[in-house]
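Protein chains in written order, with our numbering: chain G, 6 to 363; chain X, 3 to 358.
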């Protein structure tokens with residue numbers, strides 16, 4: 006029996022559409038290592054223009070995009086990078102900036118809204134006078150939208166202020182903009198304005214934008230030249246990569262306009278979930294396409310159990326704590342999927358309550 | 003005016019065929035990081051079987067295939083790897099095993115046939131008794147076919163001998179098998195037999211096999227589990243990667259059978275070039291041809307390359323007097339003849355300039 010699957014684990018699960026597949030099939034390609042694959046060139050130029058930077062570079066993943074960006078900004082031995090204690094780079098990228106790149110991380114507390122206090126960032130910058138015992142701070146990283154903090158948006162004002170701090174101290178600013186388009190749409194700020202203060206940005210094409218593979222790094226010409234070389238060193242130099250870039254170009258065109266409706270669906274789902282006795286959602290913090298669901302103690306269920314129960318209905322979620330779930334909306338989740346998910350959540354939670362005689 | 007282009011710079015220039023493009027468009031996919039993509043799973047399972055190893059991992063490039071393999075075998079700080087002084091990992095991979103992986107290279111001279119003398123390999127293995135000043139040797143790397151030596155094949159016997167040496171000293175053996183299928187075909191040895199002694203092999207799908215992107219690492223289950231994690235760390239964890247794995251599956255089916263004819267074309271080209279006054283061609287075993295420009299010709303490799311380019315023939319000058327040519331399935335026999343006539347023109351130019 007074919008079960009209806011509603012995959013809410015992540016926006017990375019998006020599958021290529023018919024138009025993307027057709028584009029991949031007909032893509033003009035070349036050897037992107039020996040010269041420049043024409044479709045990759047087209048995508049990279051397009052992305053640079055959209056983001057208001059000089060150049061772009063296609064890479065296989067967001068992890069590589071961040072890794073390259075940090076390592077290029079911190080190319081001297083003995084470098085340190087300031088980043089959020091709960092940022093994706095620090096938590097979910099295998100510590101690669103250190104284990105592979107030799108860069109030392111200096112974390113600053115992420116607030117619930119994804120920001121770090123400006124004064125705490127400044128306090129974390131190493132005083133060059135004590136360099137005999139200190140590494141050298143070279144880079145600040147922001148994350149927009151902030152994944153672990155519910156897909157919250159960093160405002161353009163905040164980003165500019167961090168940019169000013171960076172400039173004041175001779176540091177670079179990198180934005181992990183895996184979901185930067187979600188931020189731009191939710192804030193109503195053009196994306197190039199949003200990242201104006203940044204020296205580099207990594208942007209995922211394979212998340213909400215729905216391409217099958219890849220991310221793009223944008224930055225200055227000289228930065229991207231170094232990034233291209235490091236990409237080769239890390240093993241990200243692909244040959245006829247235009248086949249993937251063609252899908253990404255379609256994704257940019259087709260799915261950018263759909264992000265707003267992903268946010269609407271998220272709000273709908275969040276409101277509905279919050280109404281279910283036994284679940285709690287901080288609906289005011291749902292700004293884009295990510296929802297964190299707290300499971301109340303009295304509900305009698307746990308994140309693992311609820312995930313399992315919902316899986317039987319065909320609803321796939323991510324467990325992020327003993328009593329916490331994450332839900333991510335994307336363009337391949339319909340409104341009727343949202344309603345279906347809500348009713349399954351209701352059934353699953355009620356079912357447990359009935360079991361426990363509630 | 004549209005010039006006919008005959009791209010002999012590398013077998014990496016192969017473009018996806020109609021069948022590959024169709025396969026990419028219809029590929030069954032899923033998130034290969036959150037779970038697994040069914041098409042890449044099929045490819046990895048198939049490759050492991052073909053190579054006679056327990057498991058396999060798809061990676062974006064041969065460079066990543068080798069980097070992951072070296073770093074996984076040498077996952078303890080203070081490791082050293084023995085490899086050829088003229089091998090691809092040492093010369094053309096940006097020194098990544100050291101700059102990214104912290105592994106120390108110990109080179110041993112590559113002979114002109116791509117091998118390293120067994121006694122020299124053994125002599126390069128660090129004596130553990132000297133560990134206070136030595137790094138620890140953990141790995142030996144071979145390259146088959148050996149690119150810089152002209153696509154030369156390492157025999158199964160030689161590979162086995164190096165494998166025995168590795169075992170004797172408790173080292174691992176990795177084969178950079180970017181063109182391992184070329185070797186297998188040229189030697190008439192099944193590929194799994196050829197790499198039997200190896201703990202891991204990296205195999206390119208984007209070279210002679212003609213897929214648009216990617217390589218495969220094969221090895222034991224536990225090795226591949228570690229490799230998968232390191233692949234993620236390096237940034238090679240791709241999502242709906244089945245779109246390119248589908249092309250690779252077609253490539254395996256369509257193009258392994260064509261490698262023998264690539265070798266024939268290479269020999270044809272080599273013989274033709276060797277007959278030209280002023281050119282000398284190294285012996286050809288697979289799909290790579292090195293052409294030496296003899297001193298008497300008084301024309302540089304760079305000049306010949308430029309001259310050929312004007313006629314649409316693309317080749318690579320690797321030194322002022324040396325040109326590399328690589329054959330692949332998208333070069334026809336008529337392309338080979340055309341290339342020969344263009345070379346003749348280019349060389350005659352040099353000869354007539356010098357009154358030969």
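All residues carry an ideal CB built from backbone N, CA and C; glycine is no exception.
On a predicted model such as this, the values are computed, not experimentally measured, just so you know.
Asked, Found
"Are any of the Cβ atoms in chain G nearer than 7 Å to that of residue 347 of chain X?", "no"
"At 3 residues or longer, and completely inside the region 116 to 163 of chain G: list those beta strand (DSSP E) runs for me, N to C.", "141 to 148"
"Counting contacts by CB-CB distance shorter than 7 Å, is residue 5 of chain G in contact with chain X?", "Residue 5 of chain G lies beyond the range of chain G shown here (6 to 363); nothing can be said about it."
"From residue 143 of chain X to residue 86 of chain X, what distance separates their C-alpha atoms?", "8 Å"
"Have a look at residue 298 of chain G and residue 305 of chain G and give me their C-alpha separation to the nearest angstrom.", "15 Å"
"Taking residue 340 of chain X and residue 8 of chain X to be in contact with their CB atoms under 8 Å, please state how far apart those CB atoms are, rounded to whole angstroms.", "6 Å"
"Is the shortest distance between the beta-carbon of residue 260 of chain X and the beta-carbons of chain G less than 7 Å?", "no"
"What does residue 18 of chain G touch in chain X if you count any residue whose Cβ is under 7 Å from its own?", "33 and 36"
"If we require 4 or more residues per run, which alpha helix (DSSP H) segments fall completely within the region 47 to 127 of chain X?", "64 to 75, 90 to 94, 98 to 101 and 120 to 126"
"Which residues in chain G sit within 7 Å of residue 221 of chain X, going by Cβ to Cβ distance?", "Neighbours of residue 221 of chain X on chain G: none; closest Cβ ~16 Å, over 7 Å."
"Could one say the Cβ of residue 181 of chain G lies closer than 7 Å to chain X's Cβ atoms, at least one of them?", "no"
"Can residue 194 of chain X and residue 53 of chain X be called in contact, C-beta distance under 7 Å?", "yes"
"Determine, using beta carbons only, whether residue 211 of chain G comes closer than 7 Å to chain X.", "yes"
"Using beta-carbon positions only, say whether residue 13 of chain X and residue 267 of chain X come within less than 7 Å of one another.", "no"
"For the region 54 to 72 of chain X, which residues have a beta carbon sitting closer than 9 Å to at least one beta carbon of chain C?", "Protein chains in the displayed structure are G and X, and chain C is not among them."
"Identify, in the order they occur along the chain, each residue of the same chain with its Cβ nearer than 6 Å to the Cβ of residue 358 of chain X, setting aside the five sequence neighbours on each side.", "Because the pLDDT of residue 358 of chain X is 48, which lies under 50, any placement of that residue in the model is unreliable, and the question is left without a value."
"Mark residue 102 of chain X as exposed unless 16 or more other C-beta atoms lie within 10 angstroms of its C-beta, in which case mark it buried.", "buried"
"With residue 63 of chain G and residue 213 of chain G assumed to form a contact (beta carbons below 8 Å), what rounded beta-carbon distance in angstroms separates them?", "Residue 63 of chain G to residue 213 of chain G, Cβ: 18 Å. No contact."
"Would you kindly check if the distance between the Cβ of residue 31 of chain X and the Cβ of residue 359 of chain X is under 7 Å?", "For chain X, the structure presents residues 3 to 358; residue 359 of chain X sits outside this window and is missing."
"Cβ closer than 9 Å: which chain X residues qualify as neighbours of residue 237 of chain G?", "63, 65, 95, 96 and 98"
"CB-CB under 8 Å to residue 126 of chain G, same chain, minus the five flanking residues each way: which ones, in chain order?", "87, 113, 145, 167 and 170"
"Using only CA atoms, which one of G:347, G:254, G:342 and G:244 lies nearest to residue 279 of chain G?", "G:347"
"Please tell me whether residue 17 of chain X has its Cβ less than 7 Å away from any Cβ of chain G.", "yes"
"Apart from the five residues on each side of it in sequence, which residues of its chain come closer than 6 Å, Cβ to Cβ, to residue 189 of chain X?", "155"
"Could you give the distance in angstroms between the alpha-carbon of residue 135 of chain G and the alpha-carbon of residue 177 of chain G?", "20 Å"
"Since residue 80 of chain X and residue 137 of chain X should fall inside the 8 Å C-beta cutoff, what is the C-beta to C-beta distance between them, to a whole number of angstroms?", "5 Å"
"Pick from G:53, G:332, G:14 and G:12: whose alpha carbon is nearest that of residue 228 of chain G?", "G:53"
"Would DSSP call residue 335 of chain G helix, strand or coil?", "coil"
"Give the residues of chain G in contact with residue 180 of chain X, contact being defined as C-beta atoms less than 8 Å apart.", "Going along chain G, no residue has its Cβ under 8 Å from residue 180 of chain X, so there is no contact; the nearest lies around 12 Å."
"Quick check: the Cα distance between residue 282 of chain G and residue 133 of chain G, rounded to an integer number of angstroms?", "55 Å"
"Around the Cβ of residue 366 of chain G, are there at least 16 other Cβ atoms within 10 angstroms (buried) or fewer (exposed)?", "Any property of residue 366 of chain G remains undetermined from this structure, which presents chain G solely from 6 to 363."
"So for residue 10 of chain X, helix, strand or coil by DSSP?", "coil"
"Just verifying my parser: in three-state terms, what is the DSSP assignment at residue 193 of chain X?", "helix"
"Helix, strand or coil: which one does DSSP assign to residue 176 of chain X?", "strand"
"Please state the DSSP three-state secondary structure of residue 60 of chain G.", "strand"
"Taking 6 Å as the cut-off, is the CB of residue 56 of chain G close to at least one heavy atom of the ligand HEM?", "For the ligand HEM, the structure offers nothing, since it holds no ligand at all."
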